[in-house]
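Q:
In my numbering, the protein residues as written are 125 to 291.
(1) Give me the Cβ distance between residue 129 and residue 237, rounded to the nearest whole Å; I'm assuming they're in contact under 8 Å.
(2) Nearest by alpha-carbon distance to residue 106: which of 190, 220, 202 is it?
(3) Taking residue 244 as the reference, which of 165, 207, 230 has the closest Cα?
(4) Flag this pair as touching only if the region 229–236 and the region 180–190 have three or more C-beta atom pairs under 8 Å; answer yes or no.
(5) Within the continuous alpha helix (DSSP H) that includes residue 217, where are the two ends?
(6) Could you spell out the range, first to last residue, of the alpha helix (DSSP H) harbouring residue 258?
(7) Report all residues from its chain with a CB closer than 8 Å to the CB of residue 148; omit the five preceding and five following residues, and keep chain order.
(8) What does a CB cutoff of less than 8 Å around residue 205 pick up in its chain, not counting 5 residues either side in sequence?
(9) Taking buried to mean at least 16 other C-beta atoms within 10 Å of its own C-beta, is residue 211 buried or exposed?
(10) Does DSSP classify residue 183 as helix, strand or coil?
(11) Suppose you measure from the CA of residue 217 to the CA of residue 209; what does that come to, to the nearest Å?
(12) Mapping DSSP to helix, strand and coil, what is residue 125?
(13) Any beta carbon of chain C sitting closer than 9 Å to that of residue 279?
(14) For residue 254, count neighbouring C-beta atoms within 10 Å of its own C-beta (all shown protein chains included) and say buried if the count is 16 or more, exposed if not.
(15) So, with DSSP's three-state summary, where would you put residue 149?
Listed below in C-alpha cells is the structure:
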C-alpha cells in the first residue's frame, strides 16, 4: 500500500507542477518536468533507493520557480503538498524495508496513512485560506497569531505522539 501511495504522490507532484507550467504558457518547462519525472520513475522501478529527498527538493524548487513566474499558486500548493507526501511515504517505505516484519506492517501503514492524510488536509486548508483571503494586520498581530498557530501545531503533534497505536 505504501509503495503504491508513494508512486501516486510522485506522479501527482509531477502532474500538478507540469500542469501549472502548461497553464502559464511554459510548455517546454512542462515537457521537461515530465521527462525528468519519467527518469525518476525508472530509477524508482529499477531499485528501491531513497530518492524522496531529491524528488522533494526538485518539486519544491520547481514550485518556487513557478511562483516566481506568476504561475497559478494553487497548482504550486498542490505540487508542494503532493511532494511532501511523496517524501514522507518514501522515507516510511525505506524504514519498512529495513524492518521486514509482516505482523505489524499493515497496522503501521494504516496509522501512518491516516496521520499523513490529516497533515496534508490541514496543510491544504491553511494554504488555500492563505491564497484566497487577504487580511491586513500589523506586524505585532501577525507575530502573535503565528506564535499561537505554532504552539497549537506543537500541541497537536505532542497529542498525536502520545495517542495509542504509536508503539
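Beta carbons are placed, not taken as given, at the ideal position from N, Cα and C, and that holds for glycine.
A: Per the coordinate set shown:
(1) Sure, about 7 Å apart at Cβ, within 8 Å.
(2) No answer is possible for residue 106: it lies beyond the span of the chain, which begins at 125 and ends at 291.
(3) Of the candidates 165, 207, 230, the one whose C-alpha sits nearest the C-alpha of residue 244 is 207.
(4) No: fewer than three Cβ pairs fall under 8 Å.
(5) For residue 217, the enclosing alpha helix (DSSP H) has its first and last residue at 197–223.
(6) Secondary structure note for residue 258: it is in no alpha helix (DSSP H), with a DSSP letter that is neither H nor E.
(7) The answer, listed in chain order, is 190, 193, 194, 195, 196.
(8) Scanning its chain for C-beta atoms nearer than 8 Å, with the 5 sequence neighbours on each side dropped, one finds around residue 205 the residues 244, 247, 248, 251, in chain order.
(9) Looking at its Cβ environment, which holds 16 or more other Cβ atoms inside 10 Å, residue 211 is buried.
(10) Assigned with DSSP and collapsed to three states, residue 183 falls in helix.
(11) If I take the Cα positions, the gap works out to 12 Å.
(12) DSSP places residue 125 in coil when its eight states are reduced to three.
(13) The structure shown has no chain C; it contains just one protein chain.
(14) Exposed, since its Cβ has fewer than 16 Cβ neighbours within 10 Å.
(15) Of the three classes helix, strand and coil, the one that applies to residue 149 here is coil, per DSSP.
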